[in-house]
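Count along the sequence shown from 1, add 49, and you get the number used in this note's numbering. Structure record follows, encoded as structure tokens.
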Amino acid sequence: MIFDRRTFLSVAGAGVLSAALPAPALAQGVISLPDDIVRQEAATITAVSNGLPMVAMTFDDGPHPTLTPRLLDILRARNIKATFYLIGNRVAQWPDLTRRIAAEGHEIGNHSWSHPYLSRRTTANVISEIDATSEVIYRATGRPPVTFRPPYGAFTRAQRQMLHENRRMPTILWSVDPQDWRRPGASVVANRILSRSRAGAIILSHDIHSGTIAAMPSTLDGLRARGLQFGTVSQMIGWPLWQTRHFRRVAQSS
50 MIFDRRTFLS VAGAGVLSAA LPAPALAQGV ISLPDDIVRQ EAATITAVSN
100 GLPMVAMTFD DGPHPTLTPR LLDILRARNI KATFYLIGNR VAQWPDLTRR
150 IAAEGHEIGN HSWSHPYLSR RTTANVISEI DATSEVIYRA TGRPPVTFRP
200 PYGAFTRAQR QMLHENRRMP TILWSVDPQD WRRPGASVVA NRILSRSRAG
250 AIILSHDIHS GTIAAMPSTL DGLRARGLQF GTVSQMIGWP LWQTRHFRRV
300 AQSS
């Protein structure tokens with residue numbers, strides 16, 4: 050069994066699943082053009098110019114058994130929804146925490162099963178990593194992820210197009226990287242995000258580092274004080290909320 054967005058049904062109808070972004074959003078430098086566009090959809094997204102004062106907070110590499118709950122508490126206190134790019138083997142280890150992420154209105158994306166450098170892997174191995182992760186997220190939450198983020202951002206153009214054509218999943222990169230994985234300290238992480246974020250930004254961070262969690266209250270409050278709103282990746286690109294999507298499984302065609 051596989052998860053292929055071409056075979057999913059949603060409450061909004063199958064047409065929404067493959068809906069392209071509005072033409073004005075397809076601006077050079079916002080969504081890679083022209084080679085990263087497949088069948089009039091974005092195969093690679095680094096930011097979204099949708100005319101709204103909105104940014105997407107994204108958190109990679111979880112779930113973490115102690116830090117992710119702290120982050121969820123911070124987000125809930127501010128009524129902010131984020132997107133979590135989860136590693137499959139960690140979802141398998143902490144399915145209850147994965148369910149909490151989904152239950153509190155956050156989107157879950159696919160971040161591979163074991164966090165390898167996928168640009169060095171064969172197509173079969175790449176698909177295996179992604180399908181296994183979609184499967185375990187589906188088992189935990191009742192719905193599979195609809196977007197993918199490659200570990201380290203290491204995913205070739207050919208791989209991004211392959212994934213889009215075979216699983217209808219766009220590759221979501223980022224426009225703001227505070228390099229929190231270097232653990233520069235909470236104040237540095239917050240300042241980097243605040244100084245670099247603009248409307249349409251997709252902000253990368255990691256909920257496996259205590260400094261990142263410590264940075265979030267001032268970061269989120271600072272972005273909001275500048276008039277920015279928060280949306281999930283699906284909201285940013287004009288898709289239905291992930292929690293409103295209803296999918297059915299289908300057998301892989303021969």
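All C-beta atoms, glycine included, are put in the ideal place defined by N, C-alpha and C.
Taking every protein chain shown into account, the CB of residue 207 has fewer than 16 other CB atoms within 10 angstroms, so this residue is exposed. The closest CA to that of residue 268, considering only 119, 106, 199, is found on 106.
Between residue 168 and residue 205, the C-beta gap is smaller than 7 Å, which places the two residues in contact.
For the set 221, 186, 192, the Cα lying nearest the Cα of residue 199 is the one of 221. In the three-state reduction of the DSSP assignment, residue 166 falls in the coil class, being assigned neither a helical nor a strand state. Using a C-beta cut-off of 8 Å, the stretch 240-249 makes no contact with the stretch 182-197, since fewer than three inter-stretch Cβ pairs fall below that distance. Burial of residue 280 is indicated by the presence of at least 16 other C-beta atoms within 10 angstroms of its C-beta. With fewer than 16 other beta carbons inside 10 angstroms of its own, residue 166 counts as exposed. Our two residues, residue 211 and residue 227, have alpha carbons roughly 29 Å apart in a direct line. Residue 103 is bridged by DSSP to 278.
For the 7 Å CB-CB criterion, residue 264 and residue 238 form a contact. For the set 94, 92, 147, the Cα lying nearest the Cα of residue 114 is the one of 147. By the Cβ neighbour-count rule, residue 126 is exposed, with fewer than 16 other Cβ atoms within 10 Å of its own.
With contacts defined as CB atoms closer than 7 Å, residue 182 and residue 159 qualify as a contacting pair. Residue 156 has 132 as its beta-bridge partners, per DSSP. For residue 242, the enclosing alpha helix (DSSP H) covers residues 235-245.
Going by beta carbons, residue 97 and residue 218 fall outside the 7 Å limit. Each of 216, 235, 201, 128 was checked against the Cα of residue 136, and the nearest Cα belongs to 201.
Contact between residue 118 and residue 157 does not hold, since the beta-carbon distance rounds to 15 Å and is not under 8 Å.
When secondary structure is reduced to three states using DSSP, residue 110 falls in the coil class, being assigned neither helix nor strand. A direct Cα-Cα distance of roughly 25 Å separates residue 260 from residue 197. In the DSSP assignment, residue 254 falls within the beta strand (DSSP E) that extends over 251-255.
Judged by their CB atoms, residue 151 and residue 185 are not nearer to each other than the 7 Å cut-off. Around the beta-carbon of residue 95, 16 or more other beta-carbon atoms lie within 10 Å, marking it buried.
Residue 224 and residue 144 have their C-alpha atoms roughly 30 Å apart.
The residues 136, 137, 138, 178, in chain order, have a CB closer than 8 Å to that of residue 163 in the same chain once the five nearest residues on each side in sequence are set aside.
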